[in-house]
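First up is the structure itself, then whatever we jot down about it.
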Amino acid sequence: MKISMTAPVISDCPSSNKKPYEILFVMPKEHSLEDLPKANTELISIEKESLGEVAVLVFGGWATETRSLNYQKKLLAFINKQSLKYKGSFMIAQYNSPWALPPFRKNEAMVRILNAS
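Numbering (the numbering used here), first residue to last: 515 to 631.
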């Protein structure tokens, strides 16, 4: 089954350690879990995931490791200033195709939050 590129593509925020990290692909809403093709490797799982409430910081350009970590730190400073609590790892959402030019790229540093009131 062919599915056009979906956006955003969400991944764990890059870090200097070499552990594997998750990459989440958002499927078009016209598909259900039941009609998506089965994974052809055990390294891939197809699951329904809800991010819940998240804190987000939008940034442009390339989402390189250095830039992603910089925006993660800025988002963490904002979360701390707002006295929010977060859970899980920081993530990076990328909305553009790989060939989009840096001035036109949209990315988000994000993390799940516990007390969004």
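Beta carbons are placed, not taken as given, at the ideal position from N, Cα and C, and that holds for glycine. Since we're looking at a predicted model, the values are computed, not measured.
Pairing LEU628 with LEU598, the inter-Cα distance amounts to about 7 Å. The distance from the Cβ of VAL625 to that of ALA569 is about 6 Å, consistent with a contact at the 8 Å cut-off. With a 10 Å radius around the Cβ and a threshold of 16 neighbouring Cβ atoms, ASN621 comes out buried. Two segments are said to touch when three or more pairs of C-beta atoms, one from each, lie closer than 8 Å; by this definition the stretch 556-575 touches the stretch 588-602. Assignment of beta-bridge partners to ILE606 by DSSP yields SER525 and ALA623.
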